[in-house]
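A.B. asks: Pasting a structure below so you can have a look.
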Amino acid sequence: MHMGFSEKTSPKMDSLHLDLNFPKKSPSGPSLDPEPNWDLNSLTKELNSLEMRHEATSYSTPIRGWNLPTGRRKDKRGIKKNINHMAWYNSEESESTSEGENTVTMPVSQNRFSCNDLSLSDSDEELIQELPQEENVLSNKPWVKELRLLNLNQEHLLEVQGAVRSILKELYMNHAEEMDRLTLRISQIVKSVEARKDVDRRQQMEYQRNVAEIVDRHMSAIQWDHEQRSRIMERKLRDDAAALEEAKRLERARIEEKIRKERAQKEAEVCSQARQKAAQEAAKKEAERKRAEELEAAKKREEEARTQVHRNQGSNEREQESQVTNQPQNLDRETNIHLPGVSVLAAPAALEAEAKRLKLRSEIPEMPLVAKELGKYDRRIAKCISKLLPTIDNVRSRAQELIAAINDPQCPRPITFCMLANKVVSLCRDRNSKDKTFEGTAFACGYLILLVTSQYPDAMDYILAEFNKVCIYTVPKYLRPSDASAKSKEYYKMIGYQEEDGKLESTESYLTYVSAYVKLYAAIIQAEIDGVNKPYGLKEGWRWIAMCLNHLPATSSTVVALEAFLKMAGFALYTRYGVQFKKILDVISGSFLPPLKQRGTKVKTDALTNLEYYITGQLYLKEPEGRHLATGLLSRDCA
C-alpha cells in the first residue's frame, strides 16, 4: 500500500508541516497503516512534489532520498536492540542496496501515539549527532522530528519484542527441561512397572506350580480314596446281590405257588368244559338211538370212549416228539447233564442261577392239555416277533402287542412267558446271523424285551432260561472233557451242537450260532430306555465278563462268545464303567489272548483277529451300528 503525506502550513512559522494520511473515523482513534510502504523512490517523489508545489524550499537541489538503516545494539541486560535511523545517500548507493534493506517493518499497532512526553536517552542523542551534516538541513523541519519519534517508538517496540522473546525463550527452555524431567520420570515409572510385572509373573508361575503340585497330590488322594470306595462298593454290591437273590428266590417261590394255583384252576375249568361237551354229545347220541339198542349203544360208546382216549394220547405223544425234534439239545442237556469224563467249569453263582431258571422252566408243561386253544397265542407271539424291525415305531407297536397277549386272561402268564422266550431265542436260527441286518434286529429285540420285562420282570427269568438251554456260554459255563474219548456225540449235543439227519452240524456252523446267541444276549443286556425300569442290565453284563475271564478257559468257542459280547455291549460298558472297563480289556489282551496265539491253527483265527483288533483299534469308543433305531429318536426315547 502506498502511503503519502498531506501538507499543512503552520501559522506561527513559515514552514511546511506534513501529516500522515490515515482514516479519521476509526473507532479507536487515529492509527497508522499496519504495512506502510517506505521505499526510497516513493518517499523522494512525495517530497519533490511538495517542494515544487509550494516553492518553499531553500535548497538548490531536491532531496534525493533517505534510507532507514537498521542497527542492533545491546542494552544493559545483553539483549540486542534494533536501531532504525535515517541516513542520506546518493542515488548510486541506493541502486546497489537490496530490497531487504529498502523495506522497514513498521509497528502493527492501530492507535496513533503522542511523543510529547518522550525523552531521548544519551545514546539516542549521540546517534543523532553522528548523522551526516547534510542531514541538518532537514533537522528543523517538523516532519523530520516526527520521523525520529516514529523511529524511536519502533526501537522501543523492538526492545519490548526482544524482551518478550528472551522471556519466551527462557520459558521454552524451562518447558523443555520440565519435559525432559517428566520423560525421565515416566521412563523410570515404566521400568519400575515392568520390573514389578516381572516379579509378579515369577510369583504367579511359582503360585501356579505350587497349586499344580497341591492339585496333583489332592487328585492322587482322591483316586486312592475312590479305589478304596470302589472296593468297598464292590463288596457291598456282592452282599446286596446275594441278599437280592435270596429275596428273589422267596418272591419267586411265592409267585410259583400262585402260578400253580392258577394253573390248577385253569385246568379244572378246561376239564369241566370238556366234560360238559362230552355230556352234550352223549345226550344227543342217546336221543338218536333207539331204546331197544341201549345196551349196544352203551357198548359202542365205551369203545368210542376208549378209542378217543387212545387217539388223544397219540396226539399228545406226537406233539411231544415234535417239540423234542425242534429242541433236541434241550432234552439232551437235561438228561445227559452228567456224562463220564466231563467236568463243568463255571462260577458257583452262575450255576446256581442257571439251576433256578431251569427249575422254573421245567415246572411249565411242554404240552398243555388243550393244545388247540393255546396254539393261537403261540402263533400270535410268533407273528409279532417275525414282524420286528429296527425302528422306534415298530418296536413300540410290537411291545404293545406282546403286552396285550400277556394280559389275555385265557392263557396263563407263565405259558405266555415260555412262548415269548422260545420265539425270541429262535431269532438266531430263523434269521441269517451273518447278515449285516442281524445286529440291528438284535438291538431292536433288546429294546422290545426291555419294554416288556419292565412291566413283567418275571418274563426275564424265562428268557434267560431259554438262552441257557440253547447256549451254555450265556450262563457262562464250559464243559471240559477229560480226554478225547469223552468227546462223544452226547457231549457235543450237551454243548449245543445241532443234529440233522443223524449227523452233527459242523464246528463252523456251531460257532456261528454261538456268536448269534451271545450277540442277542448282549443286545438285551445293554438296552436302556430313559425312565424305564430294567430288571437285567449292564451290571449283569459286567458280571458275565468277569465270570467268563475267571472261570472259562481260552478256547475257540469262548473267544467267539467274548468277541460277540464286546462287539454288542462294549460301547455301553465303556460308557458306564470307563477306566475299569479298560482294565478288563488289558486283562484280555495280557492274559487271555497269549495262550490262544500259542495254539496256532487249533483256534479260530477270525475271532481271535477280530477280538485283538477290537482292543487295539479301540472300537469300544465307537457306537455299534444299529444301536440307534432308524428314526433317529433313540437319543431321546431309547438311550
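Counting with our numbering, you get residues 491 to 1129 for the letters of the sequence shown.
Using N, Cα and C, we set each Cβ at its ideal position, and we do this for glycine too.
(1) Taking DSSP as the reference, what is the three-state secondary structure of residue 636?
(2) For the segment 1073-1092 against the segment 1022-1030, are there 3 or more C-beta pairs whose distance is under 8 angstroms?
(3) From which residue to which residue does the alpha helix (DSSP H) around residue 886 run?
(4) Given 8 angstroms as the limit, is there contact between the segment 1002-1009 and the segment 954-963, that is, 3 or more CB pairs closer than that?
(5) Just to confirm my understanding: we take residue 1047, look at its own chain, exclude 5 residues before and 5 after, and list those with CB closer than 7 angstroms. What are they?
(6) When the Cα atoms are used, what is the spatial distance from residue 1137 to residue 1118?
(7) Apply the 10 Å Cβ neighbour rule to residue 1053 and answer buried if 16 or more other Cβ atoms are within range, or exposed otherwise.
(8) Need the endpoints of the beta strand (DSSP E) that residue 1054 sits in, please.
(9) Report the CB separation of residue 975 from residue 831 in whole angstroms; it is logged as a contact under 8 angstroms.
(10) Classify residue 810: buried if its beta carbon has 16 or more other beta carbons within 10 angstroms, exposed otherwise.
(11) Could you spell out where the alpha helix (DSSP H) holding residue 837 opens and where it closes?
(12) Under the DSSP definition of a beta bridge, which residues are partnered with residue 867?
(13) Just mark residue 1112 as buried or exposed, buried being the case when its beta carbon has 16 or more other beta carbons within 10 Å.
(14) Can you confirm whether the segment 964-972 touches the segment 833-848 when touching is taken to mean that 3 or more C-beta pairs between the two stretches lie within less than 8 angstroms?
(15) How is residue 617 classed by DSSP in three states: helix, strand or coil?
(16) Check whether the segment 1096-1116 and the segment 924-933 are in contact - that is, three or more C-beta pairs closer than 8 angstroms.
(17) Taking the C-alpha atoms as reference points, what is the distance between residue 814 and residue 889?
(18) Report buried or exposed for residue 1097, applying the criterion of at least 16 other Cβ atoms within 10 angstroms of its Cβ.
(19) Assign residue 697 to buried or exposed, taking buried as 16 or more other Cβ atoms, counted over all protein chains shown, within 10 Å of its Cβ.
(20) In its own chain, which residues sit with a C-beta less than 6 angstroms from the C-beta of residue 872, not counting the 5 before and 5 after it?
(21) Can at least three beta-carbon pairs, one atom from the segment 897-915 and one from the segment 981-990, be found at a separation below 8 angstroms?
(22) Could you tell me the alpha carbon to alpha carbon distance between residue 1043 and residue 844, rounded to whole angstroms?
(23) Would you kindly check if the distance between the Cβ of residue 1059 and the Cβ of residue 1012 is under 8 angstroms?
(24) Mark residue 1016 as exposed unless 16 or more other C-beta atoms lie within 10 angstroms of its C-beta, in which case mark it buried.
(25) Look up residue 1073 in the DSSP assignment and say whether it is helix, strand or coil.
(26) In angstroms, rounded to a whole number, what distance separates the CA positions of residue 953 and residue 986?
(27) For residue 878 versus residue 938, is the C-beta distance shorter than 8 angstroms?
(28) Could you spell out the range, first to last residue, of the alpha helix (DSSP H) harbouring residue 1084?
(29) Run through DSSP, which three-state label would residue 774 get?
(30) Leaving out the 5 sequence neighbours to the left and right, which residues in its chain are closer than 8 angstroms to residue 1110 when beta-carbon positions are compared?
(31) Using the Cβ count rule (16 or more neighbours within 10 Å means buried), how would you classify residue 900?
(32) Let's see if you can read the secondary structure: which residues bound the alpha helix (DSSP H) around residue 904?
(33) From the DSSP output, read off the bridge partner residues of residue 765.
(34) At 3 residues or longer, and completely inside the segment 953-1014: list those beta strand (DSSP E) runs for me, N to C.
(35) Give the single residue among 772, 946, 756 and 886 whose Cα lies nearest to the Cα of residue 864.
(36) Can you grab the Cα-Cα spacing for the pair residue 754 / residue 762, in whole Å?
C.D. replies: Looking at the coordinates:
(1) helix
(2) no
(3) 882-896
(4) yes
(5) 963, 1001 and 1004
(6) Missing from the structure shown is residue 1137; the chain here goes from 491 to 1129 and no further.
(7) buried
(8) Residue 1054 -> not in any beta strand (DSSP E); alpha helix (DSSP H) instead, spanning 1046-1067.
(9) 7 angstroms
(10) With a pLDDT of 37 at residue 810, under the threshold of 50, the modelled position of this residue cannot be trusted; read the value that follows with caution. Classification of residue 810: exposed, given that the 10 Å Cβ count is below 16.
(11) It is not in any alpha helix (DSSP H) - residue 837 carries neither H nor E in the DSSP assignment.
(12) BP columns for residue 867 are empty, so no partner.
(13) exposed
(14) yes
(15) Low confidence applies here, because residue 617 scores a pLDDT of 49, under 50, leaving its location unreliable and the question unanswered by this model.
(16) yes
(17) Because residue 814 sits at a pLDDT of 31, beneath the cut-off of 50, its placement in the model cannot be relied upon, and the following sentence gives the value as read from the coordinates. Distance between the alpha carbons of residue 814 and residue 889 is about 29 angstroms.
(18) buried
(19) exposed
(20) 913
(21) no
(22) 19 angstroms
(23) yes
(24) buried
(25) helix
(26) 17 angstroms
(27) yes
(28) 1083-1089
(29) helix
(30) 1056, 1060, 1061, 1063, 1064, 1071, 1075 and 1104
(31) exposed
(32) 903-915
(33) DSSP, once it has assigned bridges, lists no residue as partnering residue 765.
(34) 967-971
(35) 756
(36) 12 angstroms
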